[in-house]
Structures are given as structure tokens and as C-alpha cells.
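*Asks:* Here's a structure for you.
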Amino acid sequence: METRTYADLYELIEALCGVSFATLERNRIKALVNRRATRAYRASNYWTRYLVIGEERTVTSNLIPYDETALDSIDTFLRIHRTEPFVSASAQEFDFMVTASGATLVAGSLDPTSAFVTYKSQHTAIYGSGDSDTQTVPKEWLEYLAHGTYADYLRAEGQQEKAALADAEALDILTDELLRTDEQIPAFLKGRVSTNSNSQNR
20 METRTYADLY ELIEALCGVS FATLERNRIK ALVNRRATRA YRASNYWTRY
70 LVIGEERTVT SNLIPYDETA LDSIDTFLRI HRTEPFVSAS AQEFDFMVTA
120 SGATLVAGSL DPTSAFVTYK SQHTAIYGSG DSDTQTVPKE WLEYLAHGTY
170 ADYLRAEGQQ EKAALADAEA LDILTDELLR TDEQIPAFLK GRVSTNSNSQ
220 NR
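Every number in my numbering is 19 more than the matching position in the sequence shown, counting from 1.
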């Protein structure tokens, strides 16, 4: 997936704000950027870069934990199947309940040892220019992060009307990206139609 550098993002924010930030302000801008990144991430369960489809996971006592060695950590469980889904044959689907421990399957007497999980992986990046920071940002978020940070900067400077306009523009940009993402996700991935075949495990 395409990315842009944090330096590109920072330069765009400076251009929107019409200033060159002093060294002391850089951490403030970084915090605003990461606040907006969290909002963008939370805006959809179907961002392509965070969507994992039908990954086999270990099940213990009908529980699939959020974390498993060598696999991405799960943020949001979307669908769970008994066999590999979305390939050719219909795959039986589990109902599940999410708790602090993970997803508990409603599996009846099946007692599976593995299941295929479609999920949104965790967003753990902290964007910035420091050695421990993630120095690339998702290309699909760049404009939103810049305009959203600009709006937050204006608000912090007491320019409420300009901030509201910048916020509206940021939201329009994010909405465009969400629509684009939504158009790429097949309908069968989001919802499920109950049939005898995919309901037999309940």
C-alpha cells in the first residue's frame, strides 16, 4: 500500500498554517497528527491496510484471543468462519461474543481448535520524525491528517470560525476516502445472509 513521509505531511501542515513551526511546537503538531490518525482509523473497520480476511487462528475453549504469536493483534472481530471463507464453497459461520479476553464462539458441541477470522488489525503507529516514530503515513490519510491538524491548530489559537471551516474540509476529505474504501469492499464481506449451510454450527 502506498505511503507518504511524515516530512511531507509536516510540510503540508506548515503550508496550511502559513508558519514554520519552532522546535518547541513540533511535539504539539505530532500530538495533533496522531489524534487525527486515531480518528481516521476508527472511522472504518474496512481500511484496506488494516483488513485481514479469513486468517486461521487458534481456538482454546471456544476463545480466540486478540493476540497470537507471529500474527497481527486484533482490534475488531468482524466475522469468524469454521473453514476458510470467501474461496469457493460456503463456509459455516460462528456467532461470537467479544469480551476483554477476545471472541468467544457460540459453537455448540463443535469445540473447534481453529477458526478463520476476518478482522481489523490494531493501529499502533505513532507518526513523527523521531527515531522511535513511524516516519511514513498512509497515503489515503495524508490530506485528512493535514487539514484536520490545521483545524486543531486554528482552534488552539482561538480562531474558532476558521477552525470550523477547516474541520468541515477535513471531514469532506475523510468522507471521500471512506466512500472510496466502501466501494472496494464486496457486500458479502460486510454482512451475512443466514442460510442452512452457514448456520448448521449454531
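A virtual CB, placed ideally from N, CA and C, is assigned to each residue, including glycine.
Keep in mind it's a predicted model, so treat the numbers as computed, not measured.
Pick out whichever of Ala206, Leu173, Gly177, Thr168 has its Cα sitting closest to the Cα of isoleucine 192.
*Replies:* Thr168
*Asks:* Have a look at the DSSP bridge pairing and note the partners of methionine 237.
*Replies:* Missing from the structure shown is residue 237; the chain here goes from 20 to 221 and no further.
*Asks:* For aspartate 191, which three-state DSSP category applies?
*Replies:* helix
*Asks:* Check whether the Cβ atoms of aspartate 201 and tyrosine 69 lie closer than 8 angstroms to each other.
*Replies:* The Cβ-Cβ distance between aspartate 201 and tyrosine 69 does not fall below 8 angstroms.
*Asks:* Going by other Cβ atoms of all chains shown within 10 Å of its Cβ, with 16 needed for buried, is threonine 137 buried or exposed?
*Replies:* Answer is buried; the Cβ neighbour count reaches 16.
*Asks:* Can you give me the Cβ contacts of isoleucine 145 inside the same chain, cut-off strictly under 7 angstroms, excluding the 5 residues immediately before and after it?
*Replies:* Asn53, Asp152, Thr153
*Asks:* Taking isoleucine 32 as part of the alpha helix (DSSP H), name the residues at either end of that continuous run.
*Replies:* 25-36
*Asks:* Within the same chain, show all residues whose beta-carbon is closer than 7 angstroms to that of leucine 97, passing over the 5 residues directly before and after it, in chain order.
*Replies:* Asn64, Thr137, Tyr138, Lys139
*Asks:* Does the stretch 42-51 come close enough to the stretch 81-91 to have 3 or more Cβ pairs within less than 8 angstroms?
*Replies:* no
*Asks:* Can you give the Cα-Cα distance for leucine 184 and alanine 170, rounded to whole angstroms?
*Replies:* 8 angstroms
*Asks:* Which ranges would you report for the beta strand (DSSP E) in the stretch 50-95 if only whole runs of at least 3 residues count?
*Replies:* 70-77, 82-84
*Asks:* Please report the Cβ distance between tyrosine 60 and histidine 166, rounded to the nearest whole angstrom; I am assuming they are in contact, meaning their Cβ atoms lie under 8 angstroms.
*Replies:* That belief does not hold up - the Cβ atoms of tyrosine 60 and histidine 166 are roughly 17 angstroms apart, past 8 angstroms.
*Asks:* Going by CA-CA distance only, name the one from Leu129, Glu112, Gly147, Thr95 that's closest to leucine 28.
*Replies:* By alpha-carbon distance to leucine 28, the top candidate from Leu129, Glu112, Gly147, Thr95 is Gly147.
*Asks:* Nearest by alpha-carbon distance to aspartate 94: which of Ala119, Gln203, Arg23, Val78 is it?
*Replies:* The residue with the shortest Cα to Cα distance from aspartate 94 is Ala119.
*Asks:* Could you pull the start and end residues of the alpha helix (DSSP H) that alanine 122 belongs to?
*Replies:* Per DSSP, alanine 122 belongs to no alpha helix (DSSP H); it is in the beta strand (DSSP E), 121-125.
*Asks:* Tell me whether alanine 206 sits in a helix, a strand or coil according to DSSP, three-state version.
*Replies:* If DSSP states are grouped into helix, strand and coil, alanine 206 belongs with the helices.
*Asks:* Roughly how far, in whole angstroms, is the beta-carbon of phenylalanine 113 from the beta-carbon of glycine 73, given that I think they are within contact range, below 8 angstroms?
*Replies:* The Cβ separation is near 13 angstroms, so there is no contact.
*Asks:* Between leucine 43 and cysteine 36, what straight-line distance do the alpha-carbon atoms span, to the nearest angstrom?
*Replies:* 16 angstroms
*Asks:* Given a cut-off of 8 angstroms, decide if glutamate 196 and glutamate 159 are closer than it, judged by their beta-carbon atoms.
*Replies:* yes
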